[in-house]
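One structure below.
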Amino acid sequence: MTTQTDHPTQQGSGWGPAATAPEAPVAPPAPESGEPQQPLARRLWRGRREDPRWARPAFWGLLLTTAALYFSNLSASGYANSFYSAAVQAGTKSWKAMFFGSLDAGNAITVDKPSAFLWPMEIAARIFGLNSWTILGPEVLMGVGTVAVVYASVRRRFSPGAGLIAGAVLALTPVAALMFRFNNPDAMLALLMALACYFVVRAIEDGKTKWLVWAGVAIGFAFLAKTLQAFLILPSLAIVYAVCAPVSLKKRFGQLAAATGALIVSGGWWVAIVELWPASSRPYIGGSQNNSFLELTFGYNGLGRLNGDETGSVGGGGGAGGTGQWGETGWDRMFNSEIGGQISWLLPAALILLVAGLVATRKLKRTSVTRGSFLVWGGSLLITLVVFSYMAGIFHQYYTIALAPYIAAVVGMGAGTLWEKRTEMWASLTLAAAVVAGGAWGYVLLNRTPDYLPWLKWLVLIGGLVAALGLVFVARLGRQLALGAAALGIVAALAGPTAYTLSTVNSAHTGSIPTAGPAGASMMGGGPGGGGRGGFGGTVGPGGQTQNGNGTTQGQGQQGQGFPGGGTGGTGGFGGGMPGQNGNTQGNGTTQNQQGGMPGGTTGDGGGMGGGGGVGGLLNGASVSAEAKKLLKADADDYTWAAAAIGAQNAASYQLATDESVMAIGGFNGTDPSPTLAQFKEYVTDGKIHYFISSGSGGGMGGSSSGTSSQITSWVEATFKKVTVGSATFYDLTQKASG
């Protein structure tokens, strides 16, 4: 056996790296002089000359299947996260709103992220109109693109089979199926992070500066999607390239400097414009406390996520090993009942295969691309895993989509490597151990939802054990039996996440914090209202039942605790119920309470957190009646904003329903100091706002009597005429209250 060389993939079974081929470029050789070039269509269909005939058709089949799966039932989610959908709507009406990421076309305030992730949706909506498909379709295409990138990266140094395994693992990860069909920033982030890893692998192959520069560009634009999360894998990528690149040390550092420059330019141009633009002529930077994007980046969206010190947010986690509003932190966080069913199905197997891959390549030279690939993808996996496990600030289950490409690539590379070395006892035993880990952990996760396909967990466990037994003796089996054992192992490992993925695709998802899988698959707990573990709502299951995975959700809130106004609890999603009385979220999206509903008297919007504003409007918005819509649209063209409301989700619901600009006072949480009371009075005096939508909560999420939102609410209620439409309350800012 040759141990001192790296391996392209011309040899072997097509399911792993060749065992004896010398180090060589992976790209197919150029045709000899006089040899006709293959037509483009044939090259696209056939792939490399040395590939098995099935390889490229199987790749296209993988992409088409992924697209069909992700596009299926797409419109069921409607506007999905109405917070970002309202920003898309604003971007179709105003180029300024599109550039800054404004929540409304009047450019009062931005979303609490950079605006780049909104641009594909806004472009699609400008061309084809605003609807579910133009908002969510670009996210699906990003998902398909991410699968293609992971396949391409694994395929370059390994085999078509390894690439297909990696692509399938990614496509069938439940949280990936969730977020590649949802309009949060994470789809673009995952695609760009995968591209960055791909470009670094390419740079390790030939040492060309351009690939490293492209990696910097990808991370820079990822910063414009979700700020500092894009930088999580930077240390890993930089160290791997500095160690493994096939050029001199001096050139390596020069290339890393060039890539850093590309990152700064690609991610910094927008930041520079926003910071230098006069604050008086641009929207307020949502999520910040001093109208600064840099403060937002390093505070609420940056270090605050790590240490839990997030001014203006709803609170942080519990610290290392602690329990907080956003769940327990610690080494096992990705495996617990809150997160495990979203991402961890093949995480134990990936860790085993990562160690095995590094062991298998330990004797290769420093510039080995095979080992470099394990280090690039495995290093990204480990550093993201550690940060997610211990971050004490805001953490949502869907963040874990960032892990999905890394897990998929490591599983594909590790499985391919061990398969080619299967005649060696250590390799066959390790491969069997990875299959057992996948099957056994799949059994545990499926057992957490005992009413969901109860027979599947046994098939997964038994199938994994049988496949592992076959892999232990794979060297003694014939080719057909060996392939059968491998196929059974793959099926057993993927059966559980596939079932959860299909459940995710067949359900609608709305609100700010969606989760993947069937009822009970994820139960985030410890919310401000106290009570048991519920979840934040946001998934509408088949038949119209609202679930955060729990079907119809019931909660026991605690009276008057946790939020201003002591509003009546609307759903059982948020930590076992919002503060107030018992609540029950019905499948038709309406919120029923013993004490008359959420503040403002409005009803929920299909996902567990209905309400007119304040608490109820934090994570989902309001259900807008036809009468309220008619009221707000009347003479709306005479005003910059048809209405103003506390909290962005509440404002977004009315904006999407009426197609008119609605000002979000206080931003997402209702706690941003925008606008000030003086500014709001000036807008009213100038006739720029028609109505104020009452939330009944006295000032928004986490607000106080001295907060901007509370001050505005108190002034409006004491000054202007109340207008009641159905169960919703408005104040006409053009008519003073009598007396």
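The working numbering numbers the first residue of the sequence shown as 7 and each following residue consecutively. Ideal placement from N, C-alpha and C gives every residue a C-beta, glycine not left out.
Rounded to whole angstroms, the gap between the alpha carbons of R372 and G213 is 13 Å.
A Cβ-Cβ distance of about 16 Å is found for the pair Y157 and L75, leaving them out of contact under the 8 Å criterion. Ranking V246, A93, A196 by CA distance to the CA of R132 puts A93 first.
Distance check between S78 and each of G517, W721, G693, S509 places S509 closest, using alpha-carbon atoms only.
Residue pairing by DSSP puts I671 in a beta bridge opposite I652.
Restricted to the segment 205-250, the alpha helix (DSSP H) segments that are unbroken, complete and at least 4 residues in length are 215-232, 240-250, listed in chain order.
Apart from the 5 residues on each side of it in sequence, E301 sits with its Cβ closer than 6 Å to the Cβ of S294 in its chain, given in chain order. Inter-segment contact for the segment 199-206 and the segment 145-159 is present: three or more beta-carbon pairs are separated by less than 8 Å. Shown here, Y290 sits in a strand according to DSSP, grouped into three states. In terms of Cβ geometry, V277 and P120 form a close pair [threshold 9 Å]. Considering only Q235, Y396, S374, the residue with the shortest C-alpha distance to W337 is Y396. One Cα belongs to A433, the other to F227, and the distance between them is close to 40 Å. Taking a cut-off of 8 Å on C-beta distances, the segment 248-259 does not touch the segment 280-291, as fewer than three cross pairs fall below it. Look at S715 here: in three-state DSSP terms it is helix. L68: not part of any beta strand (DSSP E); member of the alpha helix (DSSP H) spanning 61-77, first to last residue. Distance between F736 and G517, taken at the CA atoms: about 23 Å. If you look at Y689, you'll find it in the alpha helix (DSSP H) that goes 683-691. Taking each of L638, S720, G260 in turn and checking the Cα distance to T730, the smallest one comes out for L638.
Residue pairing for I115: DSSP places it in a beta bridge opposite Y290. If you ignore the 5 residues before and after L195, its C-beta comes within less than 7 Å of the C-beta of A228, A231, K232, Q235, A236, A408, all in its own chain and listed in chain order. Taking the Cα positions, A96 is about 52 Å away from L424.
Taking a 10 Å sphere around the C-beta of K694, we find 16 or more other C-beta atoms and assign the residue as buried. With a cutoff of 9 Å on beta-carbon distance, A172 and G418 are scored as near each other. Following the DSSP letters along the chain, one finds L739 inside the beta strand (DSSP E) bounded by residues 734-742.
If you look at Y396, you'll find it isn't in any beta strand (DSSP E); it sits in the alpha helix (DSSP H) that goes 375-396. The closest CA to that of I279, considering only A265, A263, A82, S298, is found on S298. Boundaries for Y404: no beta strand (DSSP E) harbours it, and the DSSP string shows neither H nor E there. K636 is classed as exposed because its beta carbon has fewer than 16 other beta carbons within 10 Å across all chains shown. With a cutoff of 9 Å on beta-carbon distance, R339 and G333 are scored as near each other. By the Cβ-count criterion, I225 is buried, with 16 or more other Cβ atoms from all chains shown falling within 10 Å of its own Cβ.
Shown here, F164 sits in coil according to DSSP, grouped into three states, outside any helix or strand.
The straight-line gap separating the alpha-carbon atoms of G445 and I519 is approximately 29 Å.
If you draw a 10 Å sphere on the C-beta of G502, you find 16 or more other C-beta atoms in it, and that means buried. For I496 and F134, the gap between their C-alpha atoms comes out near 40 Å.
Taken through DSSP and simplified to helix, strand or coil, S629 comes out as strand. In terms of CA proximity to P679, G713 leads the group T664, N656, G713, D692.
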